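Colleague:
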């Protein structure tokens, strides 16, 4: 019911999103949207891509005097810092780990400069839409919120955090968006190290969604965790998703894993949260918690064996280009945005599907 | 484009599926479908649920003389072994780890006996549809195939297998569907042990899809790995998904992770497969490999703290019921079916979207 | 949001429907559903097809003790009166006006006996689903109702009826479902006349939907009238749709056509209804009125020039077969069912899309 | 499969469209697109709205060097001639025949100036998308084409035209887009007459689509004629649709209506075309012919009884504003665009659904 249609290539004129299914007469604050985009944009620190993009949002439709009219909201940012010349050496080769090969297999063509439609620049549109969804949900449910952080970079782990009280502001204190000071410092050092070597690192983002009412989701194909999994695996460079106990839970017995139930003030509540906030595809009223795995960024500045577009073997070492040695810090707002979008859609669906149940 | 609509509750009259988008004039062999269902049905061994269901498939529409007519194929199995009395003690409580709570939050009602729509019995419909999709794909692509196996039960791991040559028949040699003899024996012993204790265990299923042409998938929301993730997280008891290097890959550097490319007989090919067969959401022509995490089954025969339907705290210990101590062996054909369904849909989509490219 | 998936061929084992999106804990009376089916089934009078089908409905899923569980409701009727031998002479030819030709162009195959998926027998599934949708809407909106009747057969017109007070019972007094006694008698005589000649006639059905709240629909592609048009043109043998003033309105001036507005008890109301109950694709709170054109049934028992399946010219005259000389009386409940289904879907959508507006 | 998402209000910053599902590596000529938009834009003659909009198309994504990249194509035109002051008197009232009332019922808000999302200005986006679809189809099927014209204005009828040879250029010779010189002159005079009186007129557009291969469409809900009906009823001010013989055909007997079949050069062909090019929802390889009814434009410059936004009865006579006295000439390219979009979608679907049939 809450649908987004994104458009734009990394080196085309603009990147944007059309948001359908937004209610009418709803206040939408584009400064909030800009603030979310600012968390995602490149050039925030020495750890991220030096591409300098303001990512200044422009609204093309859907709002009048700060209120939604009910039709689609269209948000767009122009690509201002296009430097095709930085990509000249790239345009001749099929880069390992990139979509150069698969774009050509699918479409018979790939963008001449940059990643085109496959660039992570597209996620700008999702973060903008996420902000709008967040504003809608917050208006209906003041307790709703979402917070993600960097749980690991390579083998450096963030110790467990309070999922009840952690905030985006607390996370943003860290240049790598890891809320533990010591882990953050070690992660930053590691990213600097691989950057200097021309290499890259991966890691894991952890996310908690709070204040989701029980009953959101679906029992079969559109399980809430299934749609979250799809949303997260649709982010560039993501390779895995786990909800609640996840892969670690496969080593537990049922008697260890089941969350015991109790009743608090008449509300049935789980005493623990190995489930991760859903049972049978439907929210149980508790926190929704999940992890997303991101591989090390494919673009590195070291020599690699590959082929050119004619299929000839070559050793390729890009000289220039604007890429992050570690995508994790900038992926935090992407994960949050996708989570919010999934909840928004299922919240609207539950309203439609259960006209006789108040949510 | 290849759509399935499933229906049925565990203790209703029947479970079935309507398959839309199947081509006309295609031979479909229902014996093949029955053989896939037989791998999923309960009562195959002492390790699985004693519920005795023949799962005899009936075709209600779509076929004439063994050929598709182009309209929807409907396949159904009657529920013959319904024993509501086995569930009498369950009907009073909200079971930990089950959807009893969330069904009531969502729908204001839950099935009186058994899991209703939330029961894994629904997956019968998916396996039946998977067999039809497999037959369609095989006709177009004789090299296409899919093979899943039990990679771990609790902390017992299957050693690496040959992803090129492993077959379903080889997997079926093992009572737990783990192709390594020694690991299989240890897994079987572990399942027996927890069964005797009235407990349950989880594990991981690994799957490889072979013979998928390059170019299948989509660059943004409908990435092939995103749709696979959704499909797998839509299976009952699944808690995680990872493709290719997955969570382990987050600890690697880009220089270690990127799959070097080479050209073999004019076809650009990756020398390794940390990608798991997709790049940027689109198949690269190599094997698609992924893991799915399954939690320990929620139904155990040990005392648990919970509440009854009135919210009163009680200690609950089911006396009877028909449940698997370990869902993994029966989940193997479910994982395969869902993988095949995702490929079938994207294969048809690629045919539509790229009318000028031959696949 | 309210989705139906139908299945079945005219001479296959069964025809049925899976209804998704139905709320949980809703009473559904299958006797009501059977009564709607009885209005559609063949053999009601000497004016309709002699095919004798009980169309006895069977519920395969979704209900327990007369209440919805929230999952899909599946309703099915077995085909009991299959007589392939009646269709032996048909199976060799491409019948004019039928889908024999287009089925083969699309699917490379057509059903050997009867119309297969193209038979009007499929509408049984729609009428069953319409009854369920009607029960849902009536529970939420006791004033909601829908009534269709035969407005014309060939050139015989029914005089204007009271759209406020006409009921299905009043319509059912007439063997041709035309509520005007004199017109009904003339229509019945005409149908008998063409039946005797082995020929067929067409006509127009008029429908009024009452009690639809304002605000249902969408402003652009999914206009309420657009979805009604699609629903009606999806009925077998239908050739046209017009809402409100329709084609006749094209001859009016704007000053004649605009419905003047007034305020009655604080509710803004149109003084006339040339609009037909919608403006800009959205219901205005008044009656929704539309007409549907049905061509004369293609199957006639007179000699016709056509070709056989090898493309050889032949003169074809079916000897036997079970077909209506006039589809109009049986199309009345089909039109009602499709109208109700469209309203149900848009009503649920409006609930989802406007969470801050009460409907 | 060929999806368009439009956005924009009549007095917002821009109107545009995102086109998804377009193949990669396809030449798309935006001059062609601009030429289609020029046929739709206001101010073409004294018979249309004096609103002066260049409707200059801008491409935001999807093309590089004139070739599609496979991702969404986004086309946009800025609204340059916004004159909210022209609409000051309108903003206080609920105009008869407009969506002012229903927008407020649905969304709780309506645009302060102009029609907002309900304005026919949105159709600009559809015509742009139609041009892209046309270019795709023409590349695959050089014989494909589409031509619409004004069949009637009020009671003035265009005599029958040659559906095989009529072209858009021939239609554009006429200021009202009626290819018959005498009828065109009478129509133009009638439009001038009502314009002078401050009134408006309606009419009918007829459309023929040529070169559509047989087998396009679907047998049940997504019949080709059903999707055409929906597409046409989604156009502003349209009130009716009929395919082939349409409403007139309801007065015929089956023996008069059925199109006899013959075989020409091995291709089975109908000798007449009362079917309108489809049977059972699927194209038969002949011309697709249909009519669309348009009501007289709601905005007139004569006094009308209505209410203001507080519900008080008033007599309303707009002084200024930019509206067409007759929408028909500008609706011609809208009808063509929507027809082409429906064919494009079904053509792609048929490619997907019938992988073993060549089209």
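Protein chains in written order, with the numbering used here: chain A, 83 to 441; chain B, 83 to 441; chain C, 83 to 441; chain D, 83 to 441.
The C-beta atom is built at its ideal place from N, Cα and C for all residues, glycine as well.
Predicted model, so just to flag it, every value in this text is computed and none were measured.
1. Thinking just about the alpha-carbon of each residue, which of 272(C), 326(C) and 185(C) is nearest to the one in residue 299(D)?
2. For the candidate residues 289(C), 280(C) and 232(C), whose alpha-carbon lies nearest to that of residue 263(C)?
3. Whose CA, out of 311(D), 272(D), 400(D) and 254(D), lies closest to the CA of residue 238(D)?
4. Rounded to a whole number of angstroms, what is the C-alpha to C-alpha distance between residue 312(A) and residue 202(B)?
5. Along chain A, which residues have their Cβ under 8 Å away from the Cβ of residue 108(C)?
6. Inspect the beta-carbon positions of residue 427(A) and residue 84(A) and report whether they are closer than 7 Å.
7. Note down the Cα distance separating residue 301(A) from residue 363(A), rounded to an integer number of angstroms.
8. For the stretch 344 to 363 of chain D and the stretch 375 to 392 of chain D, state whether three or more C-beta atom pairs, one from each stretch, are separated by less than 8 Å.
9. When the cut-off is 7 Å and only beta carbons count, does residue 211(D) lie next to chain B?
10. Please report how far the alpha carbon of residue 230(A) lies from the alpha carbon of residue 369(A), in whole angstroms.
11. Quick check: the stretch 139 to 158 of chain B against the stretch 343 to 356 of chain B, are there 3 or more CB pairs under 8 Å?
12. Would you tell me roughly how many angstroms separate the C-alpha atoms of residue 254(C) and residue 157(B), rounded to the nearest one?
13. Using C-beta distances below 7 Å, list every residue in its chain close to residue 416(C), excluding the 5 sequence neighbours before and after it, in chain order.
14. Would you mind sorting residue 225(D) into buried or exposed? The rule is 16 or more other CB atoms within 10 Å of its CB.
15. Does the CB of residue 342(D) have a neighbour CB from chain C at under 7 Å?
16. In three-state DSSP terms, what is residue 90(D)?
17. Just to check my reading of the structure: residue 411(A) and residue 258(A) have Cβ atoms closer than 8 Å, yes? What is that Cβ distance to the nearest angstrom?
18. Quick one: what's got a C-beta closer than 6 Å to residue 309(C)'s C-beta in the same chain, skipping five residues either side?
19. How would you write the range of the beta strand (DSSP E) that residue 277(B) sits in, first residue to last?
20. Name the DSSP bridge partner or partners of residue 159(D)?
21. To the nearest angstrom, report how far apart residue 221(B) and residue 195(A) are at their CA atoms.
22. If you reduce the DSSP assignment to three classes, tell me which class residue 198(D) lands in.
23. Contact between the stretch 112 to 127 of chain C and the stretch 106 to 124 of chain B is defined here as three or more beta-carbon pairs at a separation below 8 Å; is this criterion met?
24. Counting only the same chain and skipping the five closest in sequence on each side, list residues whose C-beta sits under 7 Å from that of residue 293(C).
25. In or out: residue 401(A) buried (at least 16 other Cβ within 10 Å) or exposed?
26. Can you say whether residue 53(D) is buried or exposed, counting buried as having 16 or more other CB atoms within 10 angstroms of its CB?
27. Classify residue 312(C) as helix, strand or coil using the three-state DSSP reduction.
28. Could you give the first and the last residue of the continuous beta strand (DSSP E) run that contains residue 285(B)?
29. Using the Cα positions of residue 187(C) and residue 296(B), report the straight-line distance between them to the nearest angstrom.
30. Apart from the five residues just before and just after residue 382(B), which ones in its own chain have a Cβ nearer than 7 Å to its Cβ?
31. With 16 as the cutoff for other CB atoms within 10 Å, does residue 432(B) come out buried or exposed?
32. Of all the CB atoms in chain B, is at least one closer than 7 Å to the CB of residue 85(A)?
33. Go through its chain and collect everything with a Cβ distance to residue 284(D)'s Cβ below 6 Å, but skip five positions before and after it.
34. Among the residues of its own chain, which have a CB less than 7 Å from the CB of residue 306(A), if the five just before and after it don't count?
35. What residues match up with residue 372(D) in a beta bridge as DSSP calls it?
Modeller: Taking the structure as given:
1. 185(C)
2. 232(C)
3. 272(D)
4. 21 Å
5. 438
6. yes
7. 5 Å
8. The stretch 344 to 363 of chain D is not in contact with the stretch 375 to 392 of chain D.
9. no
10. In a straight line, the C-alpha of residue 230(A) is about 13 Å away from that of residue 369(A).
11. no
12. 37 Å
13. 122, 205, 208, 209 and 317
14. exposed
15. yes
16. coil
17. Sure, about 5 Å apart at Cβ, within 8 Å.
18. 424
19. Here residue 277(B) belongs to no beta strand (DSSP E); instead the alpha helix (DSSP H) covers 263 to 278.
20. 97(D)
21. 39 Å
22. helix
23. no
24. Result list for residue 293(C): 223, 225, 226 and 227, in chain order.
25. exposed
26. Nothing about residue 53(D) can be reported from this structure: the residues present for chain D run from 83 to 441 only.
27. helix
28. 285 to 292
29. 30 Å
30. 280, 281 and 282
31. buried
32. no
33. 376, 377 and 378
34. 298, 299, 360, 363, 364, 365 and 428
35. 289(D) and 325(D)
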